[in-house]
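What follows is one structure encoded as structure tokens, with my remarks underneath.
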Amino acid sequence: MPSPVSARRVGEWALRVISLALLVVILMRAWTPSSRSRQIENAGQGNIAASLPRWSLVAPAQLHLALDSVLPRDQRDWLAAIERAGTNLTWNSAHITPLALTLTQMPDPSGVYELSASAPRDSLVVVRDAVGVLDSVKAGGDGIRVEIPGTTNRAGVSVGGSHAWASAADTAVLKRLLVEGAASWETKFTIAALAERGWKVDAVTHVAPGVDVREGGPVIPDTSRYAAIIAVDSTAALVSRGASAFVRSGGGLITLHDASTVGPTGATSVVLEHRPDGDVRASRVGAGRVIRVGYKDLWRQRMSGDDSVSDPVAAHRAWLARAVATVAYAPRVAVATDSVSDPAPLADMVDRLGARSGSPDAASPMRSEVPSSVLFGILLASLLLELASRRLRGAK
Amino acid sequence: MTRFVFCTGQYDSGDWDSAPLVPANLIDSVAQYTSIAVAPSGVNVALASDAILDYPLVYITGHLPVRFSAAERRNIRKLTDRGGMIFVDDHNHDIDGVFHNTAMEEITIALSKPVDIPNDHELYHSFFKFADGPPTTSQELNGWGDNLVHKNLQGVMRDGHIALLYSSKDYSSEWNYHPESKRFNAVDNTRFGVNIIVYALTR
């Protein structure tokens, strides 16, 4: 058991160490300018850009931002850095609309992209690309989904003052198409529409026993050559023979009305479109997809369509191209995304700066910091206590 | 499968029905030589009617002056712009005749001036092979009409395809007989008609 004198010496040493530590803390505070000026700041959206350099030099203890819209990405980065340096940052806004979008190049030689965006239900979403405004669409329960021309690989959406931009992360490698059918208007105009759309089409048109009109090269269905094969009618024997293996290995098969028995069908199918004269059904078989078109005489859409409503030739072309894009085997190659891409700005801001808080008062409490004067008082007290202890036990 | 229907175009001016047996004769040949699903009888449809757009191959012939109405011109443009084809045959076999002169004027107004089709064009081997280009007709060889053997057919082209085929050879007279009478021919003279139909259906 230690003697009372040795315990007292240990206590005196402890008081010396405490005094020394407090002295170091007080000196460090004195030498750190920001510490002298730590304060609470409130800023509106308009002041942030001008204040950022100042906050970087003299970081406020607490910073509260009242925002009208999502901050630009560079400001989010800057504020995140300030927060990591010790500032307690909070923000709130009554106006920010959450937006997020993805941009995917469709397997279509016309270069169209599919833009899918989430936005509040019933909000008017303005769609634009790098050139300008393309369209405005009212959002449904699951946002919007639109096809946009492939002028650039970047597109954006806006709702009120909120904006989001995205660029396509990859590009589709397009292979050829194979079309087979008897000599008929359906076969002719199917080939024509797909070729006009920009697809490279290998075609086999049966004219008479042993007499075919062939365009393009080999016609063995294989995903190394073809993205999709299209059977126009029941004479499509070449397609029929290779369809099952082709689809199971990832290729796409489209059968038109008169080819409903050609090729495999998945166990379950979904209705993509419905008209009084039939359905368009899609199913998955192995790694590939099958679309069965129940509409009779698609070619009439092109020849007899009403041009007072829209261009019937373009409509027929676009309809077939969409069907092909739905099933086409198109390997993807990653491309560099551009630096202005900001596909989910609010989510990114929450990730960097934390969730919005109601007001500065409701913000998370500041780190408690004991004033230097109190520390100095404790320092003096511990020194006096240590001195008194030594004198009372007779030491110097 | 929807069958191919042979369509004769009716126009308000002139005599559009001057060769009434041609459709049956060509339908018979298509059925005989090919596996194309073909309707057993043809139809006559007014060029001015939108129903003409249901028939992407339209046959037009006549002897008399042709003056297309605005609606007829509009539908000729629509049909060819959308990928259809029109076959016009001068039933007079006379390049100084009224049908030729007026039909050429109307075609030029509606589409553009027809140009000579080279005799190695795929039209001449779309089914049967015609190494020398368009087959001659007995009207040409007998010196009727303009007393000429026309070396070429003419056409208005769209994206490399024949949108309008024009013949001064008078196939309308050559093919205007009952199909049963083919048995008297050493060589079926409607074979080139099969080429025109197969070309229209496959190119």
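Protein chains in written order, with this note's numbering: chain A, 974 to 1369; chain B, 908 to 1110.
Idealized CB from N, CA, C, for every residue including glycine.
- A Cβ-Cβ distance of about 5 Å is found for the pair THR1009 of chain B and VAL973 of chain B, placing them in contact under the 8 Å criterion.
- When rounded, the separation of the alpha-carbon atoms in GLN1012 of chain A and VAL1132 of chain A is 36 Å.
- Under DSSP, HIS1136 of chain A takes part in a beta bridge, and its partners are A:SER1131.
- Contact of VAL1105 of chain B with chain A is assigned, a C-beta pair being separated by under 8 Å.
- When Cβ-Cβ separations below 8 Å define contact, SER942 of chain B makes contact with chain A.
- The beta carbon of VAL1005 of chain B lies closer than 6 Å to those of PRO972 in the same chain, with the five residues before and after it left out.
- DSSP, read as helix, strand or coil, puts LEU1326 of chain A in helix.
- Each of B:ASP996, B:TYR962, B:LEU964 and B:SER1019 was checked against the Cα of HIS970 of chain B, and the nearest Cα belongs to B:ASP996.
- In the three-state scheme derived from DSSP, where H, G and I count as helix and E and B as strand, ASP997 of chain B is classed as strand.
- Below the 7 Å Cβ cutoff, chain A contributes TRP1158 and MET1276 as neighbours of PRO963 of chain B, in chain order.
- Around the CB of GLN939 of chain B, fewer than 16 other CB atoms lie within 10 Å, so the residue is classed as exposed.
- Closer than 9 Å at the C-beta level to chain A, one finds these residues of the segment 929-955 of chain B: TYR940, THR941, SER942, ILE943 and ALA944.
- Taking a beta-carbon distance threshold of 8 Å, THR1196 of chain A does not count as an interface residue toward chain B.
- Residues of the segment 1166-1194 of chain A with a C-beta less than 8 Å from any C-beta of chain B: THR1178, HIS1179, VAL1180, ALA1181, PRO1182, VAL1184 and VAL1186, listed in chain order.
- Within chain B, no residue has its beta carbon less than 7 Å from that of ALA1210 of chain A; the closest one is some 12 Å off.
- Boundaries cannot be given for LEU1147 of chain A, as no beta strand (DSSP E) includes it and DSSP labels it neither H nor E.
- Looking at the DSSP output, THR1234 of chain A shares a beta bridge with no other residue.
- Taking one beta carbon from each stretch, the segment 1059-1067 of chain A and the segment 1085-1095 of chain A have fewer than 3 pairs nearer than 8 Å; the two do not touch.
- Relative to the Cα of ALA1107 of chain B, the nearest Cα in the group B:GLY1050, B:ILE993 and B:PHE1035 belongs to B:ILE993.
- Annotated as distal: PRO1071 of chain A and ALA1145 of chain A, with beta-carbon spacing of 8 Å or more.
- About 7 Å separates the Cβ atoms of SER1207 of chain A and VAL1235 of chain A, confirming a contact at the 8 Å cut-off.
- Between the C-alpha atoms of SER1019 of chain B and ARG1065 of chain B there is a straight-line separation of about 10 Å.
- By the neighbour-count criterion, in which a residue is buried when 16 or more other Cβ atoms sit within 10 angstroms of its Cβ, ASP1047 of chain A is exposed.
- Those residues of the segment 995-1009 of chain B placed with their C-beta closer than 7 Å to a C-beta in chain A do not exist.
- Ranked by Cα distance from VAL990 of chain A, the options A:LEU1352, A:ASP1321, A:TRP1028 and A:GLU1188 are led by A:LEU1352.
- Among the bridge pairs identified by DSSP, ASP1003 of chain B is matched with none.
- Neighbourhood of PHE1162 of chain A in chain B, by CB distance below 7 Å: GLY990, in chain order.
- DSSP lists no bridge partner for PHE1035 of chain B.
- In the displayed model, LYS1111 of chain A falls within a strand according to three-state DSSP.
- Residues of the same chain with a CB within less than 6 Å of the CB of GLY1116 of chain A, apart from the 5 flanking positions on each side, are ALA1090, SER1091 and ALA1092 in chain order.
- Rounded to the nearest angstrom, the Cβ distance from VAL1263 of chain A to SER1135 of chain A is 41 Å, too far for a contact under 8 Å.
- Looking at the DSSP output, PHE911 of chain B bridges to B:VAL945.
- For HIS1289 of chain A, the enclosing alpha helix (DSSP H) begins and ends at 1285-1300.
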